[in-house]
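332 is the number that the working numbering gives to position 313 of the first sequence; each next residue is one higher, with no gaps. Every residue, glycine too, gets a C-beta built ideally from N, C-alpha and C.
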Amino acid sequence: MAMNLSATEHRAPQEIAEIIAGRLRLRSEVLERIEVAPPGYINLTVKRELWFRVLAEIEAQGEQYGRSTLGRGQRVLLEFVSANPTGPLHMGHGRGAAVGGALANLLRSAGYNVSTEYYINDAGRQVHLMAASVTAVQNPTSAPEDGYKGAYIVDLAKQLQEKQQAGVLRTGLTNSEVAEWASSQLLNDIKTDLQAFNLRFDRWFSEQKELFNSGAVTQALDWLRQHGYLFEQDGALWFRSTTFGDDKDRVVRKQDGEYTYLASDIAYHRDKLARGYDLLINIWGADHHGYIPRMQAVVEAFGYPKDRLKVILVQIVNLLRGGRRVTMSKRAGELITLREVIEEVGADAAKFIFLTRRADSQLDFDLELAKQKSAENPVYYVQYAHARVASLFRVAAERRVPVQRTSEVDWSVLSSPDDLELIKPLAEYPALIESSAQALEPHRLTYYLQDLAARLHAYYYKHRILPPALEQELDNQDNLKASAHEADQERKRETLTPALTAARLCLFRNVQAVIQNGLGILGVSAPERM
RNA sequence: GCGCCCGUAGCUCAGUUGGAUAGAGCGUCGGGCUUCGAACCCGCAGGUCGCAGGUUCAAGUCCUGCCGGGCGCACCA
Numbered sequence: 020m021a022m023n024l025s026a027t028e029h030r031a032p033q034e035i036a037e038i039i040a041g042r043l044r045l046r047s048e049v050l051e052r053i054e055v056a057p058p059g060y061i062n063l064t065v066k067r068e069l070w071f072r073v074l075a076e077i078e079a080q081g082e083q084y085g086r087s088t089l090g091r092g093q094r095v096l097l098e099f100v101s102a103n104p105t106g107p108l109h110m111g112h113g114r115g116a117a118v119g120g121a122l123a124n125l126l127r128s129a130g131y132n133v134s135t136e137y138y139i140n141d142a143g144r145q146v147h148l149m150a151a152s153v154t155a156v157q158n159p160t161s162a163p164e165d166g167y168k169g170a171y172i173v174d175l176a177k178q179l180q181e182k183q184q185a186g187v188l189r190t191g192l193t194n195s196e197v198a199e200w201a202s203s204q205l206l207n208d209i210k211t212d213l214q215a216f217n218l219r220f221d222r223w224f225s226e227q228k229e230l231f232n233s234g235a236v237t238q239a240l241d242w243l244r245q246h247g248y249l250f251e252q253d254g255a256l257w258f259r260s261t262t263f264g265d266d267k268d269r270v271v272r273k274q275d276g277e278y279t280y281l282a283s284d285i286a287y288h289r290d291k292l293a294r295g296y297d298l299l300i301n302i303w304g305a306d307h308h309g310y311i312p313r314m315q316a317v318v319e320a321f322g323y324p325k326d327r328l329k330v331i332l333v334q335i336v337n338l339l340r341g342g343r344r345v346t347m348s349k350r351a352g353e354l355i356t357l358r359e360v361i362e363e364v365g366a367d368a369a370k371f372i373f374l375t376r377r378a379d380s381q382l383d384f385d386l387e388l389a390k391q392k393s394a395e396n397p398v399y400y401v402q403y404a405h406a407r408v409a410s411l412f413r414v415a416a417e418r419r420v421p422v423q424r425t426s427e428v429d430w431s432v433l434s435s436p437d438d439l440e441l442i443k444p445l446a447e448y449p450a451l452i453e454s455s456a457q458a459l460e461p462h463r464l465t466y467y468l469q470d471l472a473a474r475l476h477a478y479y480y481k482h483r484i485l486p487p488a489l490e491q492e493l494d495n496q497d498n499l500k501a502s503a504h505e506a507d508q509e510r511k512r513e514t515l516t517p518a519l520t521a522a523r524l525c526l527f528r529n530v531q532a533v534i535q536n537g538l539g540i541l542g543v544s545a546p547e548r549m
């Protein structure tokens, strides 16, 4: 601050810093020390007992700790996954799902009013291609050139045939009818998979029903035409997106009379905007990034600022097994599905690993590593910290060690620097939630939790929490004699009083609460035992 | 060719909107369980933050240009 002021005040920053520091000293009931360091930093040391108030706050607020009013209740629509109902979810969708779920929770924690939505792309070429592929199983010569392959297509064909033989479905369905039936089957599978991933959506939005059947597409295009943003050329209908900064104008209806996907997306985003959200967030695969300017052009055309729409790009996932690349060929239908991954490594590990990188950077996902219950697997590291505290309290109960409320604890006994190392991150937690939410970056929380868990593990190793059981007390003195270890030495010197036990238990309980809170936002469970 | 993203320790990556001595994990090497959970801890080594300029009291962070990598540039989704 002093350095910023020096430009306008025309005085040396250190001089300004001294003045500010002097003023602060006058009312320093919360400050222990105020020092000025070159070139103009003001270092404030808050009184030690102030840190312990954080613990009381965590206990008082419980699950509400970390919540803020940053978002002021602004309504946010978060659309994610939105995979076409033409096949099962794969790893890329899983990453989008993990990021979206965590982001929704994060924004809610930061005081936003979030709705989640899945856009079902159940109209157009892809579902019809899928349907034709299903039909072609009976009659291979009719197989479409770029058709879908894979076991699930054969399964669908078999199911269809059975239904027809049983008279549930009539024979001689049109391709559109097959498409409708098959895509709804696949959508059910997708819903099941997302449930297995502990994700739910507030709304499932059907392109076919809610945009085409309802007439929303033609209405949206009419609106654009009336405002002069559409024109015809070469037999096609174009959206004049260059008016709003896009590189080129875009076709919304092709020469053959078919609408492009952009037509649906125009109608869809018009619908979203009309629903009155303050912010629209879409999570897309990174290969769609070229699509952003044109969608923001759409938003502007409808009279909204273009940053009303924010897009989070999620990069691809490289699937590995023991360091070796697992090849994924969509063409041959051999891609590893999200379901298979959840079954193999579990939803918690999958989610956490998806959230260990910024969304916009490529991610290596090693199945063997994700399964390992070891230090190499960050999920277990964090969960273990939580379980460890739970275990501690179980033992405390067994040994009838009294557990005090935060308000009853004598904090003066926590005189080691290690105590503050553990408390400081707890104090920073609310600010972390806010900044992560604002940046739309849930991975920051993942890193925070790993750091907090590390501090807890280190503290746990270094300091004894509970008095030993009675039968162990006698030889307690002799145990550590040979250890040259610094931490062991320190632990040996410490005398564990009941007040110290109570304070440390309380400290741990509050660390545990924050870990639980953070894991909850990530959508990962916080187990009592592992 | 144009546009977007990226380049930080041997590897994989963080770096809180421009602040002090750039941090983790893995890997290497060495050490630590007779206690409350070793699914853990401690230590050593490892850096010209791709390169070169610029803005600033201050740049990993902002600007420009190169080099290197990824992705887009459809009347496909």
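Beta-carbon separation (whole angstroms), residue i vs residue j, contact threshold 8 angstroms
{"i": "K273", "j": "A286", "result": "K273 to A286, Cβ: 16 angstroms. No contact."}
{"i": "V95", "j": "G119", "result": "Not really, about 12 angstroms apart at Cβ, beyond 8 angstroms."}
{"i": "V543", "j": "F384", "result": "No, V543 and F384 are not in contact; Cβ-Cβ is about 16 angstroms, not under 8 angstroms."}
{"i": "L125", "j": "L464", "result": "7 angstroms"}
{"i": "R313", "j": "L281", "result": "7 angstroms"}
{"i": "Q531", "j": "V408", "result": "4 angstroms"}
{"i": "E363", "j": "L386", "result": "6 angstroms"}
{"i": "A121", "j": "V133", "result": "That belief does not hold up - the Cβ atoms of A121 and V133 are roughly 12 angstroms apart, past 8 angstroms."}
{"i": "A456", "j": "A129", "result": "4 angstroms"}
{"i": "D484", "j": "L411", "result": "Asp is not the amino acid found at residue 484; the sequence shown has Ile there. Yes, I484 and L411 are in contact; Cβ-Cβ is about 6 angstroms, under 8 angstroms."}
Top-ranked residue by Cα proximity to residue i, from the options
{"i": "G59", "options": "I540, A117, I39 and R474", "result": "I39"}
{"i": "A235", "options": "A416, T356 and H288", "result": "H288"}
{"i": "V146", "options": "A473, E226, E319 and L459", "result": "E226"}
{"i": "G81", "options": "A102, S544, V420 and Q535", "result": "Q535"}
{"i": "R67", "options": "L475, S431 and L459", "result": "S431"}
{"i": "Y400", "options": "Q204, L445, K481 and L468", "result": "L468"}
{"i": "G539", "options": "Q402, A521, P486 and S134", "result": "Q402"}
{"i": "D208", "options": "E164, A368, L175 and L188", "result": "L175"}
{"i": "Y323", "options": "W303, L338, L299 and A366", "result": "L299"}
{"i": "Y296", "options": "E54, L69 and E98", "result": "E98"}
{"i": "L338", "options": "A293, A389 and K291", "result": "A389"}
{"i": "V330", "options": "S161, N301 and E277", "result": "N301"}
{"i": "A472", "options": "N529, R419, T516 and A488", "result": "N529"}
{"i": "G537", "options": "S233, Q180, T520 and P449", "result": "P449"}
{"i": "W257", "options": "A155, V317, R72 and A305", "result": "V317"}
Where residue i falls: helix, strand or coil (DSSP)
{"i": "K177", "result": "helix"}
{"i": "Q83", "result": "helix"}
{"i": "H147", "result": "helix"}
{"i": "R304", "result": "This sequence places Gly at residue 304; Arg is not what is there. Of the three classes helix, strand and coil, the one that applies to G304 here is strand, per DSSP."}
{"i": "N536", "result": "helix"}
{"i": "S133", "result": "According to the sequence displayed, residue 133 carries Val and not Ser. V133: strand per DSSP, three-state reduction."}
{"i": "I335", "result": "coil"}
{"i": "R219", "result": "coil"}
{"i": "T160", "result": "helix"}
{"i": "R413", "result": "helix"}
{"i": "A503", "result": "The pLDDT assigned to A503 is 43, lower than 50, so where the model puts this residue is not dependable; a value taken from the coordinates is nonetheless given after this. A503 falls in the coil class under three-state DSSP."}
{"i": "T190", "result": "coil"}
{"i": "E251", "result": "strand"}
{"i": "L213", "result": "helix"}
{"i": "R528", "result": "helix"}
{"i": "Y167", "result": "coil"}
{"i": "D429", "result": "coil"}
{"i": "Y400", "result": "helix"}
{"i": "V345", "result": "coil"}
{"i": "K325", "result": "helix"}
{"i": "R340", "result": "strand"}
One or two residues paired with residue i in a DSSP bridge
{"i": "W242", "result": "None, per the DSSP bridge assignment."}
{"i": "I53", "result": "L63"}
{"i": "D290", "result": "Answer is none; D290 lacks a bridge partner."}
{"i": "G97", "result": "For clarity, residue 97 is Leu in the given sequence; the question names Gly instead. Paired residue(s): T135 and I300."}
{"i": "T465", "result": "Per DSSP, none; premise fails for T465."}
{"i": "W200", "result": "For W200, which the question treats as bridged, DSSP gives no partner whatsoever."}
{"i": "L256", "result": "E251 and R272"}
{"i": "H109", "result": "T356"}
{"i": "Y278", "result": "R272"}
{"i": "V330", "result": "N301"}
_Three or more C-beta pairs below 8 angstroms linking the segment 239-246 and the segment 131-151_ = no
Within the chosen definition, does the segment 330-341 reach the segment 181-193 through at least 3 CB pairs nearer than 8 angstroms?
no
Report task. Spell out a yes or no on whether the segment 60-68 and the segment 101-114 are touching, meaning 3 or more CB-CB pairs, one atom from each, closer than 8 angstroms. Result -> At 8 angstroms Cβ cutoff, the stretches do not touch.
*Can at least three beta-carbon pairs, one atom from the segment 87-94 and one from the segment 262-271, be found at a separation below 8 angstroms?*
no
Quiz prompt | Inter-stretch contact at 8 angstroms, needing at least 3 Cβ pairs: the segment 415-423 / the segment 435-452 | solution = no
At a cut of 8 angstroms, does the segment 305-315 reach the segment 246-254 through at least three beta carbon pairs? no
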